[in-house]
Amino acid sequence: MSNTMSARSNGGPRPEGMGGAEPGAERSSNWEAVIGIECHVELKTASKMFCGCPNAFGGEPNTRVCPVCLALPGALPVPNAQAIEHLIRAGLAFGASIPAHSKFDRKNYFYPDMPKNYQISQYDMPITQGGIVHYWLEDGTRGECRLTRIHLEEDTGKSTHASADGRLAGATSSLVDFNRAGVPLMECVGEPDIRSADEAVAFLETLARTFRELGVSDVKMEEGSLRCDANVSVRLRGASEYGTKAEIKNMNSFRSVRRAIASEIERQIAVLEGGGRVIQETRGWDEAAGTTHSQRSKEQAHDYRYFPDPDLVPMDITIDDVERLRATLGETPYVRYAKYVDEWKIDSKRATQLADDRALAAFFERAVAASGNPLGTLAFVLGDLSRLANESGTHVADGKATPDALAELVALVQSGAINSKAAKSVLDTLWNDGGSAKAIVEREGLAQVSDRGAVAAIVDEVLAANAKSVADYRGGKTNVLGFLTGAVMKASRGKANPSLVGELLKEKLDA
Amino acid sequence: MTDPVRDSAIAIARAVNAREASAAEIAETMIPHVARADAELDAYLELTPELMRAHAARVDARIAAGETLPLAGVPLAIKDNMCVTGTTTTAGSKILEHFIAPYTATAVQRLLDAGALPIGKTNLDEFAMGSSGENSALKRTRNPYDHERVPGGSSAGSAAAVGGFEATVSLGSDTGGSIREPAAFCNAVGFKPTYGRVSRYGLIAFASSLDQIGPFARSVEDAALVYDVMGGHDPLDATSVDRPLEPSAPHLRDDLRGVRVGIVKEFATSDLGAEIDACYRQAYADLEALGAELVEVELPTAKYGLATYYLIAPAECSSNLARFDGVRYGLRVDAADVGEMYEATRAAGFGPEVKRRILIGTYALSSGYYDAYYVKAQKARTRIAEDFARAFERCDVIASPAASSPAFGFNAKTDPVAMYLMDYYTIPVSLAGLPSLSVPCGAVVPDGGSRPMPMGLQLATPLFTERALLGYAHAYERATRHADRLTPRTMEMEGSMSLRAPSGNRA
């Protein structure tokens with residue numbers, strides 16, 4: 001979508017000089033980048049967009065095809081209701097509006113892996129309009145980018161060119177696999193609200209984690225289920241006009257997106273500072289060279305001759321449909337992230353871990369509801385509990401340790417009833433056998449000994465048995481304190497309150 | 001006992017269901033008859049005797065098992081823009097000359113499931129674009145009533161096959177008149193149901209928003225029977241209407257008492273020549289004699305029908321025909337790269353009329369012209385439909401000529417626009433999506449001809465009123481019986497074939 005589409009409103013918090021890791025030169029210069037992202041995301045549906053063929057990745061070429069997705073003469077498309085629902089939910093998750101009327105259009109152009117030589121897409125009446133993507137960067141800074149729209153279309157097949165490097169140039173023949181032809185795609189079109197490569201990636205990551213959580217897409221970049229284009233231009237900081245943009249096509253990893261945009265920003269600044277002019281064109285990204293290169297100028301752009309697809313009747317989407325779908329959404333990853341950071345004072349990195357994993361977050365929140373101690377609970381959830389889950393190849397939420405039991409454990413630690421060593425042992429038992437933390441502590445006698453007299457008696461015993469260490473200490477070698485502390489803990493079979501042990505040792509040694 | 005060449009579909013199905021005749025016997029009678037007669041007429045692009053025999057055997061087995069099939073043993077011809085598994089499906093084009101369909105169109109499948117016997121695939125104007133049959137890239141079908149004249153188009157072969165007694169019923173497709181006009185030329189009943197009533201799945205698209213499959217028959221009753229079997233919702237066609245189909249066959253009527261027949265002011269026949277004018281005046285008088293009340297109605301925007309149609313239909317066709325590119329099936333002309341391959345394939349594969357319409361449509365949809373042409377045409381289409389809706393406040397059915405003249409000679413119309421004018425009366429009805437049919441209404445001896453040629457009366461009714469429409473047409477047909485007054489040339493030459501009497505042990 002063009003940078004000139006609509007002027008950027010002064011929308012929301014926009015940190016200055018964001019993205020500490022950004023290698024781009026724009027931070028230190030007088031230039032500001034203006035970036036608009038468009039991405040295509042394959043939807044996760046049982047069947048293809050307009051026929052009953054299975055929607056799956058890979059497989060023997062041309063095995064998941066039928067008259068409809070091969071565009072055999074006479075075949076007709078029938079829309080996939082699940083794909084339409086996915087799209088509505090995706091839009092609603094970002095606050096998009098869902099117009100009551102929508103339709104499919106044909107986008108006409110010839111391409112060997114596009115069976116009909118037109119793509120069924122949406123032109124002027126997309127299923128969703130507007131919306132805002134709130135995103136955050138690794139360092140915790142946040143931003144937002146308006147969405148123009150998310151619309152529904154179908155994917156093409158895939159060509160393999162029989163040439164040395166797999167490119168079309170020099171190929172003597174081409175092979176086409178139509179397994180992917182007709183897979184439902186949503187095209188997310190962002191407004192030019194993004195100002196750095198890091199922000200672009202953060203925006204895409206937020207889209208990806210949200211779509212994954214909604215179950216509308218697996219967002220597997222390695223399988224091409226998220227493909228991204230970026231419109232990049234630069235202008236002098238403070239300028240209101242947009243610069244001339246270049247469109248970088250088909251980046252298929254977050255790493256490529258970050259590097260390609262950063263490289264393109266630098267290129268444009270160098271062109272402008274050298275007195276040159278940026279030309280409007282499409283540029284490809286060369287991963288190996290780390291640079292973008294000119295593909296074709298926009299003057300050669302297609303006339304797609306969009307018109308309403310006469311094989312498909314217009315769609316009416318009722319308020320009831322929209323509300324039914326809205327009810328399935330739940331909290332978005334961003335809302336969760338913001339709650340953890342702002343209200344629960346969790347650091348950005350760990351909040352991101354929770355934001356990325358709805359089941360983990362749900363487990364965590366249930367435990368917090370019972371314990372009232374977010375940070376204490378989080379330490380277990382992201383620490384030992386996650387380790388146990390990883391070791392057994394399962395998920396925290398699938399173990400025998402319930403959120404209530406975890407909350408009990410947190411409370412036991414917080415009150416000093418058990419020490420951290422004992423807590424680890426209790427957690428192991430909870431994970432393997434389930435049950436209540438209190439019961440395990442009682443059964444295994446793990447309660448911390450905080451009784452002054454009892455601990456003092458052990459300290460006395462240990463000091464008596466280690467006369468040489470006592471002498472060393474009093475002679476100035478205070479580093480024997482660690483050894484003596486360990487000896488007391490051992491003598492108490494790990495249950496003595498460690499701080500009380502330290503206190504009593506010093507008291508008696510210094511006496 | 002039945003004569004599968006001359007009998008109606010109703011009579012044949014009744015006889016086969018009653019085991020008075022077998023489907024196998026019908027097939028064995030029709031196969032040599034059609035082979036012989038079609039050497040004259042060239043209605044068929046492909047005859048499918050083995051398929052016909054296989055279906056006949058299946059029908060006989062099902063009847064023996066106690067089933068009753070509405071179209072048991074009825075010989076059926078299928079326009080060659082409908083896919084039938086294992087048959088070449090050419091759309092009358094070089095680009096699909098050797099394409100063998102791997103699936104069967106819904107409408108055809110429903111007829112076959114109901115017991116119809118597929119005789120073969122019939123000739124047509126390339127991709128159903130034309131009004132004479134002369135645009136077929138593969139064959140020249142003759143008019144059964146004068147072999148020097150065209151059968152009409154685009155459903156040339158399907159009309160000629162039924163009019164020439166080479167099929168009991170046939171399927172055509174109508175986009176702007178492609179069933180009604182050739183039906184009129186070939187002395188047949190040709191019926192275009194409401195848009196969306198019959199599935200288009202498996203029909204090679206010309207203009208998706210207008211295309212509709214419909215039957216040809218030698219009587220309204222037979223047309224109604226075929227329609228009742230193949231109509232109704234199809235989940236494979238998103239434009240197919242999900243609304244119950246009221247069976248029309250049991251509701252055919254014998255008079256027109258209480259029916260208001262609209263005669264369109266703008267469709268005056270006085271300009272068509274004295275003989276043709278007289279023919280239609282008589283037809284309207286006959287309707288009145290059956291008890292109808294004639295009322296004049298106005299369709300002020302109907303005169304924009306042709307212009308509107310020749311923007312919308314080419315626009316859709318330019319997109320629909322893009323898939324014929326040599327990549328996956330059909331003709332491929334090899335070239336240096338894929339772009340040149342497309343060009344060479346399409347240049348060699350499409351005929352001049354198809355290319356003309358692709359160019360018009362591409363132009364009409366291109367940026368800068370879209371609003372001026374395509375959008376404006378869509379607005380005009382809405383106005384035309386509104387005109388019809390207003391007219392139907394004053395009448396129940398609109399009567400008009402089905403075509404501007406009887407069948408003309410080969411190569412008589414070289415100007416494309418003169419050819420387009422043949423569909424002057426049918427196109428507005430198509431733009432409005434209305435159900436409409438042509439029923440024989442007499443004959444005139446055309447200029448330069450010596451034999452009387454059939455004429456067709458077009459009747460059109462509001463959306464989804466097929467049952468009423470067929471009822472009116474049936475009443476008119478019963479009272480006038482114009483079709484019976486003409487005999488096709490092939491029948492004159494060879495006389496009729498008839499089945500041997502069933503063997504004695506048959507019930």
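Read top to bottom, the protein sequences are chains S and G. Residue numbers for the first sequence follow UniProt numbering, beginning at 1 and rising by one. Residue numbers for the second sequence follow UniProt numbering, beginning at 1 and rising by one. Ideal Cβ placement from N, Cα and C applies to all residues, glycine included. Source: prediction; values computed, not measured.
Bridge-paired residues (DSSP) for residue i
i               : result
A18 of chain G  : DSSP output for A18 of chain G lists no bridge partner at all.
T282 of chain S : S:E247 and S:R296
W31 of chain S  : S:L236
N108 of chain S : S:Y118
T128 of chain S : S:I150
V295 of chain G : G:G262
Y44 of chain G  : G:T122
I194 of chain S : S:I35
W136 of chain S : S:R142
D75 of chain G  : A small correction: the amino acid at residue 75 of chain G is Pro; Asp does not occupy that position in the sequence shown. Per DSSP, G:L117.
CB contact check: residue i to chain S, cutoff 9 Å
i               : result
F388 of chain G : no
D277 of chain G : no
N135 of chain G : no
P406 of chain G : no
I204 of chain G : yes
M230 of chain G : no
D3 of chain G   : no
Y44 of chain G  : no
V338 of chain G : yes
S131 of chain G : no
D174 of chain G : no
Cα-Cα separation between residue i and residue j, rounded to whole angstroms
i               : j               : result
D334 of chain G : Y342 of chain G : 9 Å
L312 of chain S : A90 of chain S  : 23 Å
L500 of chain S : S263 of chain S : 59 Å
L272 of chain S : V234 of chain S : 9 Å
A456 of chain S : D384 of chain S : 32 Å
P310 of chain S : N250 of chain S : 30 Å
A302 of chain G : R277 of chain S : 56 Å
F350 of chain G : R381 of chain G : 28 Å
I132 of chain S : A223 of chain G : 58 Å
D125 of chain G : G152 of chain G : 9 Å
S367 of chain G : L256 of chain G : 51 Å
G263 of chain G : E393 of chain G : Per the sequence shown, residue 263 of chain G should be read as Ile rather than Gly. In a straight line, the C-alpha of I263 of chain G is about 13 Å away from that of E393 of chain G.
V219 of chain S : E85 of chain S  : 17 Å
P428 of chain G : R346 of chain G : 31 Å
T429 of chain S : I440 of chain S : 8 Å
A313 of chain G : F94 of chain S  : 40 Å
A164 of chain S : S174 of chain S : 12 Å
G361 of chain G : S173 of chain G : 20 Å
M489 of chain S : F483 of chain S : 10 Å
Min CB distance residue i to chain G below 9 Å
i                      : result
Y334 of chain S        : no
A75 of chain S         : yes
Y306 of chain S        : yes
P54 of chain S         : no
Y118 of chain S        : yes
N179 of chain S        : no
P112 of chain S        : yes
V313 of chain S        : yes
residue 513 of chain S : The question about residue 513 of chain S has no answer here: the residues shown for chain S are numbered 1 through 511.
Contacts of residue i in chain C (Cβ-Cβ under 8 Å)
i               : result
T414 of chain G : Absent here is chain C; the protein component of the structure consists of chains S and G.
Rounded distance between the beta-carbons of residue j and residue i, thought under 8 Å
i                      : j               : result
residue 513 of chain S : A437 of chain S : Because chain S in this structure spans residues 1 to 511, residue 513 of chain S falls outside the shown range and cannot be described.
A260 of chain S        : I248 of chain S : 5 Å
| Validate contact between the segment 103-118 of chain S and the segment 197-208 of chain S using beta carbons, cut 8 Å, 3 pairs | Put simply, the segment 103-118 of chain S does not touch the segment 197-208 of chain S. Fewer than three CB pairs are less than 8 Å apart.
| Do the segment 372-390 of chain G and the segment 399-418 of chain G meet, that is, are 3 or more Cβ pairs less than 8 Å apart? | Here the segment 372-390 of chain G does not lie against the segment 399-418 of chain G, with fewer than 3 beta-carbon pairs under 8 Å apart.
| Taking one C-beta from the segment 19-31 of chain G and one from the segment 109-118 of chain G each time, how about it: are there three or more such pairs within less than 8 Å? | Three or more Cβ pairs drawn from the segment 19-31 of chain G and the segment 109-118 of chain G lie within less than 8 Å of each other, which places the two stretches in contact.
| Between the segment 160-170 of chain G and the segment 395-405 of chain G, do three or more beta carbon pairs fall short of 8 Å? | At 8 Å Cβ cutoff, the stretches do not touch.
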